[in-house]
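Each residue of the sequence shown is one higher than the last, beginning at 2 in UniProt numbering.
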Amino acid sequence: LVASVGNLNFDVYLKVGELPGVDENVEAFDLYTGGGGSAANFAVAVARLGLGARFIGAVGEDPLGEMALRELREEGVDISHVKRVPSARSGVVVVLVHLDGSKRMLSYRGANLGLSPSDLTVEKFAGVRHIHLATGRVEIIARAREIAREVGATVSIDGGTALAKKGLDVVKSVAEGVDVIFMNRAEARLLTGSSDKSAVKKLAEELKARELVVTLGPEGAVAYDGARLLQVDAFRVDAVDTTGAGDAFAAAYIAMFLQGRDIYERLLFANAAAAIKVTRPGARSSPRRWEVVAFLES
Ligand code: ADP
């Protein structure tokens, strides 16, 4: 069983060919809606790869929250420990998807902020062998790491821009000793000014994480585990929507990590899972295990 801790959102995607300026109105030519939030996306991606998944987070008592929860349940994710925050609105993200596949997001965190460290209790993590922290909230990460020690679970962190913006010292304080830390190129650049191979190795050593993985969008990903520094190129696909690519990547990487696969196999499998995801719209379009296997064999 894998638990993921962090945000659950209701995403509204608008497909646009240009971005509005002040007082301007741009017409979107496509609309789709669906569940999002990095931690929830991760839980769905892990479930689709055939692992047990539990989501730990918070929603408001509103229709959007109910819809978001129903989607998770339908994906087979355990939502029995999700907190309901009565007076808050559930998290909503508006995603502007450009024709070129790039995206811009406007987030309202709402009820997600109602999750507090004291909500994280050992009972909620019973039977969990891995905890994925898709949050930039340092106090949540710290509490979850305490629990991981108590229940004997391994830990990964994908703190996103929210964590990287807090600076190298804060990232160091949460990353030391963690099994895997994920970040994208922009976050690595925020912390070190660079995202090339040697910078990733240097950053990994500074963070004292067991393993650092930096995703490079259409250029693939690079990982360092204290011994091996490896880079893989992205698979060539027609990207239509990269929302959730990092979550699909992290879920597939952790699935291989938990199977005891080596760093090259982890990178390759994750790279393939994320490549499939970017060919499909929405944050929850990550592949099932057989799809990744078939993709790698083709
Ligand atoms: P995030 O979504 O967190 O910003 P990235 O943009 O770095 O993360 O993408 C995560 C992973 O998704 C990449 O490491 C790569 O495997 C895959 N990916 C992203 N964009 C593309 C693309 N255009 N073509 C193929 N794979 C991609």
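The C-beta atom is built at its ideal place from N, Cα and C for all residues, glycine as well.
I'd like to know whether the C-beta atoms of residue i and residue j end up nearer to each other than 8 Å.
| i | j | result |
| --- | --- | --- |
| Val-45 | Glu-76 | yes |
| Gly-245 | Arg-289 | no |
| Phe-126 | Ala-143 | no |
| Ser-5 | His-133 | yes |
| residue 307 | Leu-70 | Any answer about residue 307 is impossible in this case: the structure gives the chain only from 2 up to 299. |
| Ile-141 | Leu-116 | yes |
| Asn-8 | Thr-136 | yes |
| Ala-252 | Leu-50 | yes |
| Leu-191 | Ala-163 | no |
| Ala-112 | Ala-89 | yes |
| Thr-280 | Val-241 | yes |
| Phe-11 | Ser-91 | yes |
| Leu-208 | Lys-173 | yes |
| Ile-158 | Val-3 | no |
| Gly-247 | Phe-183 | yes |
| Leu-65 | Val-93 | yes |
| Val-47 | Ala-29 | no |
| Lys-198 | Leu-230 | yes |
| Ala-210 | Phe-236 | no |
| Tyr-33 | Gly-283 | yes |
| Leu-204 | Leu-217 | no |
| Val-215 | Ala-189 | yes |
If residue i sits next to residue j, beta carbons under 8 Å apart, how far is it from one beta carbon to the other, in whole angstroms?
| i | j | result |
| --- | --- | --- |
| Arg-55 | Val-129 | 7 Å |
| Gly-221 | Ser-39 | Between Ser-39 and Gly-221 the Cβ distance is about 20 Å, and since that is not below 8 Å, they are no contact. |
| Val-181 | Ile-148 | The Cβ separation is near 17 Å, so there is no contact. |
| Val-293 | Ala-274 | 5 Å |
Can you check DSSP and say which residues form a bridge with residue i?
| i | result |
| --- | --- |
| His-133 | Ser-5, Ser-157 |
| Phe-296 | DSSP lists no partner for Phe-296. |
| Phe-236 | None; Phe-236 has no bridge partner. |
| Met-184 | Val-215 |
| Pro-34 | Reading the sequence as shown, one finds Thr at residue 34 and not Pro. Answer by DSSP bridge pairing, in chain order: Val-13. |
| Val-96 | Tyr-14, Met-106 |
| residue 334 | Since the first residue shown for the chain is 2 and the last is 299, residue 334 is missing from the structure and cannot be characterised. |
| Arg-55 | Ala-4, Asp-79 |
| Gly-61 | Val-86 |
For residue i, tell me which candidate among the options has the shortest Cα-Cα distance.
| i | options | result |
| --- | --- | --- |
| Val-78 | Gly-58, Val-94, Gly-92, Glu-62 | Gly-58 |
| Gly-35 | Val-13, Val-27, Leu-52 | Val-13 |
| Arg-150 | Ala-165, Val-179, Gly-37, Val-93 | Val-179 |
| Asp-239 | Gly-102, Ala-48, Pro-64, Lys-84 | Gly-102 |
| Tyr-225 | Lys-202, Lys-209, Phe-236 | Lys-202 |
| Arg-138 | Arg-110, Trp-291, Ala-235 | Arg-110 |
| Tyr-265 | Pro-282, Glu-25, Val-223 | Val-223 |
| His-99 | Ser-196, Asp-197, Leu-20, Arg-267 | Leu-20 |
| Ala-41 | Ala-235, Ala-249, Glu-188, Glu-62 | Ala-249 |
| Gly-37 | Asp-234, Thr-243, Leu-268 | Thr-243 |
| Val-156 | Phe-258, Asn-26, Arg-267 | Phe-258 |
| Arg-267 | Gln-232, Ser-299, Asn-185, Glu-298 | Gln-232 |
| Phe-43 | Val-23, His-131, Ala-200, Gly-227 | His-131 |
| Ile-80 | Gly-53, Met-106, Glu-206, Asp-63 | Gly-53 |
| Arg-105 | Leu-15, Gly-227, Val-27 | Leu-15 |
| Glu-177 | Ser-196, Ser-195, Gly-227, Ala-200 | Gly-227 |
| Leu-121 | Val-152, Glu-25, Leu-107 | Val-152 |
| Leu-269 | Ser-299, Leu-114, Asp-234 | Asp-234 |
| Pro-219 | Val-27, Asn-185, Ala-200, Glu-62 | Asn-185 |
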